[in-house]
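Just remember that this note's numbering sits 39 ahead of the position in the sequence shown, which is counted from 1.
Ideal placement from N, C-alpha and C gives every residue a C-beta, glycine not left out.
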Amino acid sequence: MSKPAPTAQAVSRPKSYPCPQCQKLTVWQDNPYKPFCSDRCKLIDLGAWANEDYKLPAQDSPFSQDLE
Numbered sequence: 040m041s042k043p044a045p046t047a048q049a050v051s052r053p054k055s056y057p058c059p060q061c062q063k064l065t066v067w068q069d070n071p072y073k074p075f076c077s078d079r080c081k082l083i084d085l086g087a088w089a090n091e092d093y094k095l096p097a098q099d100s101p102f103s104q105d106l107e
C-alpha cells in the first residue's frame with residue numbers, strides 16, 4: 040500500500056521560528072516585524088542597541104586615543 044499524497048495545506052504550512060527577544064514561536068511569512076513576533080519585541084531590541092547593551096568586539100587602532 041502506498042501512502043496518500045500530502046495535502047496542499049500540509050505542504051504550504053509556514054515555518055515558525057523563535058522570536059530573538061521573547062522566544063515565542065512566530066511565523067516568518069507575512070510577518071511585518073520579522074524576525075520578531077511583535078512591534079513591542081522589535082522596539083525592546085532597538086532600545087538595547089541604543090543603550091549599547093550589545094557590543095561588537097573590536098581592536099583599538101593605534102590612533103583610537105586621538106579620537107577621544
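Where the beta strand (DSSP E) through residue i begins and ends
i: L64; result: L64 to V66
i: Y56; result: S55 to P57
Between the CA atoms of residue j and residue i - distance to the nearest angstrom
i: P53; j: W67; result: 7 Å
i: Y93; j: N70; result: 25 Å
i: S77; j: C61; result: 10 Å
i: Y56; j: K73; result: 10 Å
i: L95; j: L82; result: 20 Å
Residue-chain proximity (residue i, chain B), Cβ-Cβ < 8 Å
i: P57; result: In the structure shown, chain B cannot be found, because there is only a single protein chain.
First through last residue of the alpha helix (DSSP H) which encompasses residue i
i: C80; result: D78 to A89
6 Å CB neighbourhood of residue i in its chain, flanking five on each side removed
i: C58; result: T65, F75, C76 and C80
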